[in-house]
Amino acid sequence: MTKFFITISSIFILLSGKLSAQNPKFENLSLKIDYHYGFLLPEYSFISYFTDDAVRGFQVETVKKLKGEKLWQRLYDYPSVSLAAYYGSLANDTVFGKVVSLFPSFYFPLYRKNKTELFWQLGVGLAYSTEKFDLTENYYNIAVATHLNIWFRAALDLKYNINDKIALSAGTAFGHFSNANLSEPNIGLNFWTVYAGTDISISKKTELNNEEIPPFKPGKEFALIIAGGGKHTRRFSEDYYFAGSVSGEFKKISGYKFAFGTGADFFYDESVPEEMIRAGKEDVKNYYKIKTGIHISQELIIGKLSLMIQEGVYIGFTDHLDNYKMYNRGVVRYKFSEHFFADFAMKTNLNILDIAEIGIGWYANKK
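Numbering (numbering that gives the first Met the number 0), first residue to last: 0 to 366.
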């Protein structure tokens, strides 16, 4: 795994230099290398019993500062985008193993003055864990049941520019990875690190676009989304179940960056009747597969990309399996045409992940 990370890092370095020299699209590139040190953040106390070391890792990242060619880039004060490779330990090499991840991210500037810059980093990608749950060989690892997982990273990144070519970087980061309930057990692992490193410019720097931002015209948006996915249950069953949803949304777009809305949801989960029977519950109905609810939403708009948080309440067809009253969803949405978008959503009940869905939607705007 160490050799694999070194290979990936070498490819990053070689491609960064080659592409920056050949294509103007790869101007304003830098190579960022950081060392991470930190700790697991156990969601459940028993994870602490299997923690016998710190979390250590290396991250190699190609970062591109955006020039403001698009309106959203100027709205967010010229952020950066990146592609990163991370390799590190997980506080117990025998039980949790090591992890290597590959993920794109945004760097949003929070503060700039003289040579000092502060950024908020947000990234999502894929991670490979060397160890996973096994009923006979690794039954202590009930955090991760698959080698391939979804990776999430949020960080505060401080940068000090020594000159036009070299900068020092330091920061603190939160990381999480799990398999989105595609296999059980699926507690996932959370960890926190502090890090330090260097940021080296590897291509030509160009002038920023300072074109004036036009006044915003408030509007409204209607949307219809159909989504689906699959899930394992939390009772270590090998069965795989379909789950999906249909949602309608109405939102008020109050600015270039933010929108607030409400909506109605129809959920279908074919695992519910069998899970109720296994739990010893009586009078199980087939229509318990259906749940309905209403939600409110908050949306961060980044050009064609949106990051949404939804808080909902079950109304009508309620939850008969665990009797949850509320649900939440985190949504990543990308508008690929004038009236259609793609969705990736993760639905939870309290802090328990229920289902990850991929969907497609239609929308219409009204000023």
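We treat Cβ as the ideally placed atom computed from N, Cα and C, and that holds for glycine.
Keep in mind the model is a prediction, meaning the values are calculated, not measured.
**Nearest-angstrom beta carbon gap, Ser100 and Ala126 [assumed within contact, 8 Å]** = With a contact defined as Cβ atoms closer than 8 Å, Ala126 and Ser100 qualify at about 4 Å.
**Request:** Please classify Asn364: does DSSP put it in a helix, a strand, or coil?
**Result:** DSSP places Asn364 in strand when its eight states are reduced to three.
**Asked** Does the distance from the CB of Gly218 to the CB of Trp71 come in under 8 Å?
**Response** no
**Asked** Do you know offhand how far Ala263's Cα is from Lys251's?
**Response** Spanning the two alpha carbons is a distance of roughly 16 Å.
**Prompt:** Taking Cβ positions, are Tyr240 and Asp268 nearer each other than 8 Å?
**Reply:** yes
**Request:** Return the Cβ separation of Phe57 and Gly87 in integer angstroms, given the expectation that the two are a contact with Cβ distance under 8 Å.
**Result:** 7 Å
**Request:** Give the DSSP-derived three-state secondary structure of Asn350 in the structure shown.
**Result:** coil
**Asked** Start and end of the alpha helix (DSSP H) containing Val271?
**Response** 271-277
**Request:** Determine the DSSP secondary structure at Lys284, reduced to helix, strand or coil.
**Result:** coil
**Chain-order list of residues whose beta-carbon lies under 8 Å from that of His146 (same chain, five-residue window excluded)** = Tyr127, Ser128, Thr129, Lys131
**Prompt:** Under a Cβ-count criterion, where at least 16 other Cβ atoms within 10 Å of its own Cβ denotes burial, should Ser79 be classed as buried or exposed?
**Reply:** buried
**Request:** Let me know the secondary structure DSSP gives Leu157 once reduced to three states.
**Result:** strand
**Item:** Distance, Asp163 Cα to Arg328 Cα
**Value:** 42 Å
**Message:** If the criterion is Cβ atoms closer than 8 Å, does the pair Ala373 and Gly37 meet it?
**Reply:** Lying outside 0 to 366, the shown extent of the chain, residue 373 is not represented and no answer is given.
**Message:** Please state the DSSP three-state secondary structure of Leu65.
**Reply:** Note: Leu65 maps to coil in three-state DSSP.
**Supposed contact pair Lys64 and Asn91 - C-beta distance, whole angstroms, cut 8 Å** = For Asn91 against Lys64, the beta-carbon gap comes to about 38 Å, at or over 8 Å, which does not count as contact.
**Message:** Please give the ranges of any alpha helix (DSSP H) in the region 70-117, keeping only runs that are unbroken, at least 4 residues long and fully inside the region.
**Reply:** Segments of the alpha helix (DSSP H) lying fully in the region 70-117: 70-74.
**Prompt:** Taking the alpha carbon of Val331 as the point to measure from, which residue in Lys346, Glu337, His338, Lys366 has its own alpha carbon closest?
**Reply:** Lys346
**Prompt:** Does the region 269-284 touch the region 303-310, meaning 3 or more C-beta pairs lie closer than 8 Å?
**Reply:** no
**Asked** By the 10 Å Cβ neighbour count, where 16 or more other Cβ atoms means buried, how is Glu337 classified, buried or exposed?
**Response** exposed
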